[in-house]
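Numbering (mature numbering (1 follows the signal peptide of the UniProt record, and there is no 0)), first residue to last: -16 to -1, 1 to 178.
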């Protein structure tokens, strides 16, 4: 009986580790990404926390606080991330210094991350700042060349919604099972092509 309980615990941790999936190193949250993407984002890679993934995929964590206790502006990884996306990303980050702890852009998968035209702006889970960032980004969508924004299981699309509206009025999305998949710990911002 003890063996089954321990095996279940071990397997449940392994199931969660996937490329771009959540991981944790000694209690510090991270994301399973390539060592190159981690290094270009200013993170530190740890071996053994993403066990089902290829050997170059490791748990990437970042220190988020400056010496004065406040956070700074995280680095946007430029590897395969489109230049206009990086520029727009820094415009957003400069509006909210210390609020976003990590930014991800390119991921080897279909969709906007696969073309380097999307950013994930990681914040504390269910922190109201996520809604504030989402609404600010929406209100500045034209100059930022935003295609759509997802925060807190809601989506706002320029081509559908046309004009800005309160986050509560954004289109509700299906439950994808956890806070990361439901975008409660990050803003997903997709941008128009250059």
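Heads up, the beta-carbon is just placed ideally off N, CA and C, and yes, glycines get one too.
None of the values given here were measured: they were computed from a predicted structure.
In this structure residue 85 does not touch residue 91 by the C-beta definition: roughly 18 Å separates them, more than the 8 Å allowed. The DSSP-derived three-state label of residue 115 is helix.
Residue 74: member of the alpha helix (DSSP H) spanning 67 to 79, first to last residue.
Around the CB of residue 126, fewer than 16 other CB atoms lie within 10 Å, so the residue is classed as exposed.
Secondary structure at residue 98: helix, using DSSP grouped into helix, strand and coil.
Taking 8 Å as the cut-off, the Cβ atoms of residue 43 and residue 65 do not count as close.
Boundaries of the beta strand (DSSP E) harbouring residue 172: 170 to 175, taken from the DSSP string. Excluding residues up to 5 positions away in sequence, 63 lie with their Cβ nearer than 7 Å to the Cβ of residue 20 in the same chain. With a 10 Å radius around the Cβ and a threshold of 16 neighbouring Cβ atoms, residue 159 comes out exposed.
In the three-state DSSP reduction, residue 122 falls in the helix class (H, G or I). With 16 or more other Cβ atoms from the protein chains shown falling within 10 Å of its own Cβ, residue 25 counts as buried. The residue among 67, 138 and 162 with its C-alpha nearest the C-alpha of residue 153 is 138. When C-beta atoms of the region 136 to 151 are compared with those of the region 165 to 178, three or more pairs fall below 8 Å, so the two segments count as touching. With respect to residue 171, residue 77 sits apart: the two C-beta atoms are not nearer than 8 Å. Per DSSP, the beta bridge partners of residue 14 are 7.
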